[in-house]
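Peer 1: One structure, as structure tokens, below. Some questions next.
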Amino acid sequence: MNQDNKKEIWNEPTISTEHIFKGKVISLQVDTIALPDGRTATREIVKHPGAAAVVAIHDGKLIVVEQYRKPLGKTQIEIPAGKLDPMEEPIVAAARELEEETGYIAHNLQLLNQYYTSPGFADEILYTYFTNEVTIGQQHLDEDEDVIVRLITIEEADAYIASGDISDAKTLLAVNAWKLLQRTGSLT
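Heads up: the sequence shown begins at 1 in the working numbering, then just goes up one per residue.
Below, the structure written as structure tokens:
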């Protein structure tokens, strides 16, 4: 099969869209799409404004937050992250989220990567930044946020991964990037 045919097979033109739900963070729509063979199918799609996260190192330790995650029914230890505000640049959101959630202020942020969190059903893109230049500032939690700020070592991160206390993709990638930096002196 040549590349042109492959692209045709993987194209799913939208015939119609039904908007099911619109909330503060996400919206849900069901698209009716045309398959290459002429049949139709539906796709449930979660729309998300995007998010930014920060791998922040202070005094040789990773800055994380522990918070309850209702969909999981338990607490998780994660790197600071949050959704982008309308028209907000990801780097601005990353700095804002770090300060709001932890009280630490980033003085230099470097883009590590950007990736889609669940492309099978959602369009959320997550921008992850790195900094090892932070100072202590003032925490500014949202009204409905309740977090515990922790600074953890690589060994503690590994133990949290083994116990399942760290199990989200962004934090797993963050720990791996941190380990790479420790081993090689580079994030790439």
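Quick reminder that beta carbons are idealized off the backbone N, C-alpha and C, glycines included. Given the structure is predicted, the values throughout are model-derived calculations rather than measurements.
For the candidate residues 58, 40, 188 and 82, whose alpha-carbon lies nearest to that of residue 24?
Peer 2: 82
Peer 1: By Cβ distance, which residues of its chain are closer than 7 angstroms to residue 168, with the 5 residues on each side in sequence left out?
Peer 2: Here the set comprises 76 and 78.
Peer 1: What is the DSSP secondary structure of residue 183, counted as helix, strand or coil?
Peer 2: helix
Peer 1: Any heavy atom of the ligand COA closer than 7 angstroms to the Cβ of residue 151?
Peer 2: The ligand COA is absent from the structure shown, which contains no ligand whatsoever.
Peer 1: Am I right that residue 40 and residue 57 are in contact with their C-beta atoms under 8 angstroms? What's the rounded C-beta distance?
Peer 2: Actually they do not touch by this definition, with Cβ atoms about 50 angstroms apart.
Peer 1: Roughly how many angstroms separate the alpha carbons of residue 154 and residue 61, rounded to a whole number?
Peer 2: 7 angstroms
Peer 1: Are the Cβ atoms of residue 80 and residue 92 separated by less than 8 angstroms?
Peer 2: No, they are not a contact pair.
Peer 1: In terms of DSSP beta bridges, what is residue 129 paired with?
Peer 2: 54 and 111
Peer 1: Which of the three DSSP states, helix, strand or coil, is assigned to residue 28?
Peer 2: strand
Peer 1: Quick one: give me the first and last residue of the beta strand (DSSP E) that residue 15 is part of.
Peer 2: Judged by DSSP secondary structure, residue 15 falls within the beta strand (DSSP E) whose first and last residues are 14-22.
Peer 1: Short of 8 angstroms in beta carbon distance, which residues of its chain neighbour residue 84, apart from the five on each side in sequence? Order them along the chain.
Peer 2: 49, 50, 51, 52, 90 and 93
Peer 1: Taking the alpha-carbon positions, what's the residue 179 to residue 157 distance?
Peer 2: 10 angstroms
Peer 1: Label residue 70 either buried or exposed according to how many other C-beta atoms from any shown protein chain fall within 10 Å of its C-beta, with 16 as the threshold for buried.
Peer 2: exposed
Peer 1: For residue 72, count neighbouring Cβ atoms within 10 angstroms of its own Cβ and tell me buried if that reaches 16, exposed if not.
Peer 2: The residue in question, residue 72, is exposed, as its Cβ has fewer than 16 Cβ neighbours within 10 Å.
Peer 1: Cutting at 6 angstroms between CB atoms, please list the residues of its own chain near residue 1, excluding the five before and the five after it.
Peer 2: Bear in mind that a pLDDT of 45 at residue 1, under 50, signals an unreliable position, so the number given afterwards is only what the model happens to contain. Here the set comprises nothing.
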